[in-house]
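Residue numbers (this note's numbering): 6 to 299.
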């Protein structure tokens, strides 16, 4: 028959409750041995070591000789002189400075795999299996567009038009417009556009176009474009007067005007090198203005 205790029990710091059974319900009282055994079960297999200041790979690592300084040694044949002679040390052991010398603080050959330690040298966690390995992103696979180099993730931009400048900022790496970049909607048959052998796009020029490409890839005039030439003729002695055709084509609109800007009827013959004006009477000197447009 159970009894309810309605007041606090004071054992005066001397007497104890002994002989407690193994607890069953959450409210049951448990003894010290039971509690410790349950804690040991919970942490069984976990092996967390105190922080190390660095991981030695060669003699360039100079240890700090202060109380409690710990290091992982991966090659004991290449130790800095400050490590001194360490009794019983083997590769991958953790050593600790005890105030006078370095001693083995964790013997991996005896403990086996599973230990975890934080390295203050690079602010990373390391685990030991057959060697000390980085325990961060080493098992994480990078996805599309990302590079995983030693646990550091970067944007993979080799095949895209966005790059990283010297300041670590994004910039437009490739400004070229190509058919591939514009998509399948752009075809060689699109008016005014042609595709080069490297996939880039260019202005499509017909064989008789007025514009053409020069040797450097720039645009040049392939034909004489619209121009205008004016001048005055007449020497007071001839009815037929030749004028040099500086426009170099026969496709011209040529007219002659008197001093009052009235159009003068005369014969006009256009050649590629000259224009010949023929008048019924001899015009006075510089009395006729001629205009050629083409």
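All C-beta atoms, glycine included, are put in the ideal place defined by N, C-alpha and C.
- Listed in chain order, the non-local C-beta contacts of residue 110 below 7 Å within the same chain comprise 75, 99, 100, 101, local neighbours out to five positions each way being set aside.
- Judged by DSSP secondary structure, residue 40 falls within the alpha helix (DSSP H) whose first and last residues are 37-48.
- In this structure, the straight-line span from the alpha carbon of residue 161 to that of residue 153 is close to 9 Å.
- By the criterion of at least three beta-carbon pairs nearer than 8 Å, the stretch 241-254 is in contact with the stretch 276-286.
- In this structure, 251 is the residue among 251, 133, 97, 92 with its C-alpha nearest to the C-alpha of residue 278.
- Measuring C-alpha to C-alpha distances from residue 103 to each of 293, 71, 262, 40 identifies 71 as the nearest.
- Just measuring C-alpha positions, the residue of 249, 133, 89, 174 sitting nearest residue 60 is 133.
- According to DSSP, residue pairing for residue 75 in a beta bridge involves 101.
- Within the same chain, no residue comes within 7 Å of residue 15 by CB-CB distance, once the 5 residues on both sides are set aside.
- Contact annotation: residue 235 and residue 296 have beta-carbon atoms nearer than 8 Å.
- DSSP places residue 161 in no beta strand (DSSP E); its state is neither H nor E.
- Residue environment analysis places residue 55 among the exposed positions, since fewer than 16 neighbouring C-beta atoms fall within 10 angstroms of its C-beta.
- Less than 8 Å separates the beta-carbon of residue 58 from that of residue 126.
- Between residue 28 and residue 19, the C-beta spacing is not below 8 Å.
- Contact check for residue 46 against residue 64 fails: the beta carbons are separated by 8 Å or more.
- In the structure shown, residue 57 adopts extended strand secondary structure according to DSSP, grouped into three states.
- Measuring C-alpha to C-alpha distances from residue 113 to each of 78, 232, 12, 62 identifies 78 as the nearest.
- Counting the other Cβ atoms within 10 Å of the Cβ of residue 68 gives 16 or more, which makes it buried.
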